[in-house]
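Using the numbering used here, read the sequence shown as starting at 2 and increasing by one per residue.
Encoded as structure tokens, the structure appears first; notes follow it.
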Amino acid sequence: GLPARLISADPFTLLSSKTPGNTCLLLVIVGVFSGIYYIVDLFNTKSSVVYNGATLTALFGKFGFLISTFTAAVVWNEIPSARQLVGIGLAIAAILLASGGVKDTGNAKKPLLLAALVATGGLMEINGKCAVYYTLDGYDSLYVSVIFSVAFLLCVAHAAHSCIRRKARFTISWRDILGGIVLGMPNVAGSYLSLKAMQTVPANIYFPTNAVGNLVVVSLAGMLLFREKTNTMQKLAIVITVVSLTLLNL
2 GLPARLISAD PFTLLSSKTP GNTCLLLVIV GVFSGIYYIV DLFNTKSSVV
52 YNGATLTALF GKFGFLISTF TAAVVWNEIP SARQLVGIGL AIAAILLASG
102 GVKDTGNAKK PLLLAALVAT GGLMEINGKC AVYYTLDGYD SLYVSVIFSV
152 AFLLCVAHAA HSCIRRKARF TISWRDILGG IVLGMPNVAG SYLSLKAMQT
202 VPANIYFPTN AVGNLVVVSL AGMLLFREKT NTMQKLAIVI TVVSLTLLNL
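Spelled out as structure tokens, the structure:
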């Protein structure tokens with residue numbers, strides 16, 4: 002079982018020896034930090050929308066891949082080729098265009114929140130890479146379970162603290178539970194699929210592809226499902242994204 006494997010782990014060879022014990026211990030450690038980052042990112046996003054606006058929040062939320070891509074090049078020697086660097090540059094341009102450019106950056110009332118969004122996004126991706134690079138295959142579910150268990154406990158603690166501070170009763174409705182399930186399941190599935198992708202795709206391809214790929218999916222979903230109208234810059238961003246993805250994955 003898990004307790005026996007954790008006991009058998011050797012902390013001194015955690016990154017150099019891929020044993021079942023070391024794998025479980027590392028995934029628990031990295032999963033705990035990822036769960037913390039997940040909740041911090043969630044609350045930062047909520048606060049940043051209030052103080053900095055939705056556009057800047059969405060823009061900086063996508064730039065975490067720059068940190069993870071740079072880290073992968075330095076730590077794991079996964080250095081992008083010249084073609085991939087062009088693709089990364091186009092990815093940055095596509096994100097800027099889709100967000101309406103950078104003309105509103107002067108309106109950021111709390112820029113540290115924007116920096117935190119970039120940092121937590123990058124750190125979560127780095128943790129995912131560690132969970133793949135230093136561990137045995139077949140333990141993905143443990144990592145994902147730890148992430149969302151920690152996130153759940155932190156949410157419960159936050160809700161309890163809020164109730165105590167406001168001297169209010171803690172109440173939860175079926176609508177809250179259903180909403181949590183509907184919103185939570187895609188995140189669980191996304192985390193699991195991200196691990197699978199990183200097992201087969203180099204970080205210098207996966208991180209920027211994931212960032213701009215989300216941009217395309219959200220844009221197309223908005224147009225097809227919600228009949229949202231896109232302006233010229235957003236349409237150009239989609240075209241640039243497709244070119245970027247092609248260069249990154251050739």
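We put the CB at the ideal spot given by N, CA and C, even for glycine.
The structure presented is a predicted model; accordingly, all values stated were derived computationally and were not measured.
Bounds of any alpha helix (DSSP H) do not take in P12, whose DSSP letter is neither H nor E.
Spatial neighbours of F208 in its own chain (CB-CB distance under 8 angstroms, excluding positions within 5 residues in sequence) are listed in chain order as F66, S69, T70, A73 and E126.
In the three-state reduction of the DSSP assignment, A160 falls in the helix class.
Here DSSP, grouped into helix, strand and coil, assigns E126 to helix. If you look at D138, you'll find it isn't in any alpha helix (DSSP H); DSSP assigns it neither H nor E.
Cβ contact annotation for K168 (same chain, cutoff 6 angstroms, sequence separation greater than five): none.
In this chain, the alpha helix (DSSP H) harbouring N250 covers T233 to N250. Residue environment analysis places I96 among the buried positions, since at least 16 neighbouring C-beta atoms fall within 10 angstroms of its C-beta.
For F171, the closest C-alpha among the options A55, C156 and L184 is that of C156. Shown here for L28: same chain residues with a beta carbon closer than 8 angstroms to its own, the five before and five after excluded, namely A132, T136, Y140, L143, Y144 and V147 in chain order. Segment contact: the region 80-89 against the region 25-45, fewer than three CB-CB distances shorter than 8 angstroms; contact not assigned. Runs of beta strand (DSSP E) with 3 or more residues, each lying fully within the region 2-71, are absent. Annotation for V183: the continuous alpha helix (DSSP H) segment containing it runs W175 to T201. By the Cβ-count criterion, M199 is buried, with 16 or more other Cβ atoms from all chains shown falling within 10 Å of its own Cβ.
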